[in-house]
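Under the numbering used here, think of the first position of the sequence shown as 395, with each following residue one higher.
We put the CB at the ideal spot given by N, CA and C, even for glycine.
Take a look at the structure set out below.
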Amino acid sequence: MREGQAAVIHRADYQPPAFWIDTVELCFDLDPAKTRVLNRMRLRRNPDVPVQPLRLDGEELNLARVLVGGQGTSFKLEGGQLVLENLPEGHEPFELEIFTTCAPAKNTKLMGLYVSNDSFFTQCEAEGFRRITYFLDRPDVMASYTVLLRADRRRYPVLLSNGNLVDQGELEDGRHYAKWVDPHRKPCYLFALVAGQLVCREQRIASRSGQEHLLQVYVRPGDLDKTEHAMNSLIDSVAWDEARFGLPLDLERFMIVATSDFNMGAMENKGLNIFNTKYVLASQSTATDTDYANIESVVGHEYFHNWTGNRVTCRDWFQLSLKEGLTVFRDQEFSQDLAGEASARAVKRIEDVRVLRTAQFPEDAGPMAHPVRPDQYLEINNFYTVTVYEKGAEVVRMMYTLVGRDGFRRGMQLYFQRHDGQAVTCDDFAQAIADANPGSKLAELLPQFKRWYSQAGTPRVQASARWDAAAGTYTLTLGQTCPPTPGQPVKEPVVIPVAYGLLDDQGRELASGLHVLTQASETLSFQGLQAEPVPSLLRGFSAPVVLEFDYGDAQLLALLAHDTDPFNRWEAAQRLALARALRFVAQPHEPVALDAPFVDAMRGILRHPTLDAAFKELVLTLPSETYIAEQLEVVDPPRIHAVREAMRQQLAQALQADWEWAWEAHQVGGAYRPDPVSSGRRALAGLALTHLCLAARASADPVWPGKAYQRFKDASNMTDRFNALSALVVSGHELARPALQRFHAMFKDEALVLDKWFALQAGAPDRGGNVLPAVRQLMQHPDFNIRNPNRARSLIFSYCSANPGAFHRPDAAGYVFWSERVMELDAINPQVAARLARALDRWNKLAEPLRGAAREAIARVAAKPDLSNDVREIVTRALA
Ligand code: PHE
Ligand code: ZN
395 MREGQAAVIH RADYQPPAFW IDTVELCFDL DPAKTRVLNR MRLRRNPDVP VQPLRLDGEE
455 LNLARVLVGG QGTSFKLEGG QLVLENLPEG HEPFELEIFT TCAPAKNTKL MGLYVSNDSF
515 FTQCEAEGFR RITYFLDRPD VMASYTVLLR ADRRRYPVLL SNGNLVDQGE LEDGRHYAKW
575 VDPHRKPCYL FALVAGQLVC REQRIASRSG QEHLLQVYVR PGDLDKTEHA MNSLIDSVAW
635 DEARFGLPLD LERFMIVATS DFNMGAMENK GLNIFNTKYV LASQSTATDT DYANIESVVG
695 HEYFHNWTGN RVTCRDWFQL SLKEGLTVFR DQEFSQDLAG EASARAVKRI EDVRVLRTAQ
755 FPEDAGPMAH PVRPDQYLEI NNFYTVTVYE KGAEVVRMMY TLVGRDGFRR GMQLYFQRHD
815 GQAVTCDDFA QAIADANPGS KLAELLPQFK RWYSQAGTPR VQASARWDAA AGTYTLTLGQ
875 TCPPTPGQPV KEPVVIPVAY GLLDDQGREL ASGLHVLTQA SETLSFQGLQ AEPVPSLLRG
935 FSAPVVLEFD YGDAQLLALL AHDTDPFNRW EAAQRLALAR ALRFVAQPHE PVALDAPFVD
995 AMRGILRHPT LDAAFKELVL TLPSETYIAE QLEVVDPPRI HAVREAMRQQ LAQALQADWE
1055 WAWEAHQVGG AYRPDPVSSG RRALAGLALT HLCLAARASA DPVWPGKAYQ RFKDASNMTD
1115 RFNALSALVV SGHELARPAL QRFHAMFKDE ALVLDKWFAL QAGAPDRGGN VLPAVRQLMQ
1175 HPDFNIRNPN RARSLIFSYC SANPGAFHRP DAAGYVFWSE RVMELDAINP QVAARLARAL
1235 DRWNKLAEPL RGAAREAIAR VAAKPDLSND VREIVTRALA
């Protein structure tokens, strides 16, 4: 280990803290250049741990003074930690005062206390509090907080922290103060403060029990008219958690504050959630339907953390999925419940599964594969992953499936009865759900079920069928395997709930049920059938696995036409499209020509008299390039891109009349509303417009591009406007250029819209290698700023992580660009740099010469001296 290099942390090494901190009084004199922090704590020795020195975490702090019981004391600074050896003996509480300063204006990492647009914000999860003061920065140390904020009154009129405002007033020299007391004990990662020129929308609500609460959404002046949807989402969230889980709001005041400089989506600080503006601000002219849906789900997510995360928190960071997997499950259920009808719920489910399969499955198959509850990390920031979040949510969903809706609610109640106010583990959660449901499959199989927490990798379920016509018996064999992942060569069978149905050739359902697969191989048989049925397996995506079944086209077409399970109906279309894409990819010298049955089936769905528009849009969207790539041993991204584009072009031309009909038939009149029905109609109309512009490309017919341009100009909402712009860009029409220019001019003062403008260009289909030069040029644009994470993501990530066809260039120029940006970002914001570093996770599967070039680019980054732990961990694992 080099000097200053951190060591790998292991879950097995967990030790309880040597001291408890009962109370914390923090006093801030806020100043961008030099903020003074006085931290007065009451501590006591943990009687369950052998006597040892107190070691407080700290990072980039200037230490001025340390007092114990009001007296000066000796201390050491060791590897960033403040070490105190001469503390009072015995178990009596004692007082420790630490006086430090920090430089928020220089904090480009956006962890700890930082400045954005001349306001102060904090971000403490996971280990940001140590950048504010010396502390036991670990989630199992829970304390009561009192916070005094002092700042210039004119520059920082609003002073916020967790809990309740108990005092405020004037000071000398134009300064003022506010004092906040949080009535709930909390780990320090939930601490927050905000100070600045902000305005708020507020709403008083009464809970079911009659309790009154004040809800507030704080934004910069000028953005207030964009907060209505966030506020409504918050009101819905409060009502939902009470109705569905009996969990009320436990605070008089609940605040959301938006900032445009934020590393992640949002943060659940107790009573003072801090959000990326992307998940707060919306107006019909600046936000799309997708933005509205995302705001609803992120507001819900952070609010639901108030119970799952804050009231019961994590013992250590290896347990992150305890709060994140559970809270994602809860926000998914929230969005489904608000969507209402079964078909709208199914659409949400399909979207969630699509995220899991395009982002988490590759993670689980690559060098960063880790269990939902990881065993080790170098930098915890690298483990805020789709595995911990989305796969973690699927694990909770399987428990829900195994114990049922009421059983799950009972389990949640028991979980809070047992653990309210505690810092616990994933085991504690699973145990509570199982104990509340004695006799359930979950209770019976709990130790085996918990392998979902400890084993990495996506299990594969191999299904095969035998039809005995003479006996009328249908036999299904289900097997399971799981490929090796780094550090886990051998896997044990897991518990896999397989929801299934059998259909006859008329589409009637002959049988249905839930089979809980536990062995490496099991057999199910069905008697008394007249003819060979079509199996609909893994309905609703009942487990996060890859289902392998040798479906024939006829079976898939039958499922697409008749399955009562909307998820598998969609899945049938995906399988049909995927099989074709894989065949074309494998035959580089054959033309990409779609067969009539497939095209007719797609037309049948598009023209279907009763299916929802949103569902049709999902069915008619081909599997993503990333998803296609995941099915292959050796990946040539430009080839996959070419195949998918060619398939799309054929669907555009073969269904032209149908797309025209779809466009005309799905126009939405009246006032803008982002509800599922209207959103679905706009989405389908947008997909139709893209295909019509693509068809026009082949025929050089200017009519549809002209209509798209017209729609782009007169659209009354951002969804229609952006879809029209995107249709022009995606089809490569010459009108794209003036449209992009006009779009920029219209929205030059709307940061979130400019992000879309950058992202659209960086994600455009590659035509002769044109995207990278455009991206390099956009880096020079006056509106580009690499220090702003949203802007960096919109340009750099949209190219490197979301545009494989353009990024994986045979001349390796994409990789050169990537390595330059990773190193540039690492010096500014390691957390963001490490995310970008993951764009080359799957380098090992690339076809040569891409593979060698990618490896070289990663090695170049790895060789840089002074890499952050964040990036070092990613590139080291990639090369291992
Ligand atoms: N805990 C936040 C969430 O998922 C995510 C987050 C992690 C935000 C780390 C900031 C920093 O709700
Ligand atoms: Zn979360």
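Query: With 16 other CB atoms within 10 Å as the buried threshold, where does residue 395 fall?; Result: With a pLDDT of only 39 at residue 395, under the threshold of 50, the placement of this residue in the model should not be trusted; the figure read from the coordinates follows. It counts as exposed.
Query: Return yes when at least one heavy atom of ligand 1 lies under 7 Å from the C-beta of residue 1217, else no.; Result: no
Query: How big is the Cα-Cα spacing for residue 397 and residue 472?; Result: In this prediction, residue 397 scores a pLDDT of 44, lower than 50, which makes its location untrustworthy; no coordinate-derived value is stated.
Query: Is it right to say residue 1062 is buried, meaning 16 or more other beta carbons lie within 10 angstroms of its own, or is it exposed?; Result: buried
Query: With respect to the beta strand (DSSP E) encompassing residue 421, which residues constitute its N-terminal and C-terminal limits?; Result: 413 to 423
Query: When the Cα of residue 645 is compared with those of 583, 668 and 575, which residue comes out closest?; Result: 575
Query: Does the Cβ of residue 691 have 16 or more other Cβ atoms within 10 Å, making it buried, or fewer, making it exposed?; Result: buried
Query: Within 7 Å: the Cβ of residue 658 and any heavy atom of ligand 1?; Result: yes
Query: Excluding the five sequence neighbours on either side, which residues of its own chain have a C-beta within less than 6 Å of the C-beta of residue 1227, listed in chain order?; Result: 1216, 1219, 1220 and 1265
Query: Can you give the beta carbon distance from residue 1157 to residue 1196, rounded, assuming they're within the 8 Å contact cut?; Result: 5 Å
Query: For residue 965, verify whether its CB is less than 7 Å away from any heavy atom of ligand 2.; Result: no
Query: I'd like to know whether the C-beta atoms of residue 851 and residue 790 end up nearer to each other than 8 Å.; Result: no
Query: What's the C-alpha gap between residue 1274 and residue 761?; Result: 8 Å
Query: Measuring alpha carbon to alpha carbon, tell me which of 1068, 1180, 1260 and 494 ends up nearest residue 678.; Result: 1068
Query: Note down the Cα distance separating residue 871 from residue 929, rounded to an integer number of angstroms.; Result: 12 Å
Query: Confirm the yes/no value for this check: CB of residue 586, any heavy atom of ligand 1, distance under 7 Å.; Result: no
Query: Could you say if the region 507 to 519 and the region 453 to 472 meet the contact criterion of at least three C-beta pairs nearer than 8 Å?; Result: no
Query: Kindly list the residues whose CB is nearer than 8 Å to the CB of residue 1120, restricted to its own chain and excluding five residues on each side of it in sequence; keep chain order.; Result: 1080, 1084 and 1154
Query: Report yes or no: do the region 690 to 708 and the region 1161 to 1170 share at least 3 C-beta pairs separated by less than 8 Å?; Result: no
Query: When DSSP builds the beta bridges, which residues end up paired with residue 650?; Result: 611 and 667
Query: Should residue 662 be counted as a contact of ligand 2 given a C-beta to heavy atom distance under 7 Å?; Result: yes
Query: With distances taken Cα to Cα, identify the nearest neighbour of residue 966 among 547, 1039, 423 and 932.; Result: 932
Query: If you reduce the DSSP assignment to three classes, tell me which class residue 475 lands in.; Result: strand
Query: Within a Cβ cutoff of 6 Å, which residues of the same chain sit near residue 728, ignoring the five residues on either side of it in sequence?; Result: 634 and 694
Query: Can you name the residues that DSSP bridges to residue 555?; Result: 587
Query: Does DSSP put residue 820 in a helix, a strand or coil?; Result: helix
Query: Have a look at residue 1073 and residue 1114 and give me their C-alpha separation to the nearest angstrom.; Result: 10 Å
Query: Can you tell me which residues form a DSSP beta bridge with residue 581?; Result: 536
Query: If you draw a straight line from the C-alpha of residue 554 to the C-alpha of residue 464, how long is it?; Result: 29 Å
Query: Could you please give the first and the last residue of the uninterrupted beta strand (DSSP E) stretch that includes residue 797?; Result: From DSSP, residue 797 is part of no beta strand (DSSP E) but of the alpha helix (DSSP H) over 786 to 813.
Query: Assuming the contact rule is C-beta atoms closer than 8 Å, residue 840 and residue 824 should be a hit. Round their C-beta distance to whole Å, please.; Result: 6 Å
Query: So, with DSSP's three-state summary, where would you put residue 778?; Result: coil
Query: Starting from residue 510 and walking both ways along the beta strand (DSSP E), at which residues does that stretch end?; Result: 506 to 510
Query: Tell me which residues share the same chain as residue 1147 and place their Cβ nearer than 6 Å to its Cβ, disregarding the 5 neighbours each side in the sequence.; Result: 680 and 1141
Query: What's the gap between the Cα of residue 383 and the Cα of residue 557?; Result: There is no way to answer for residue 383, as the model of the chain reaches only from 395 to 1274.
Query: As a quick exercise: from 543, 481 and 606, pick the residue whose alpha carbon is nearest that of residue 565.; Result: 543
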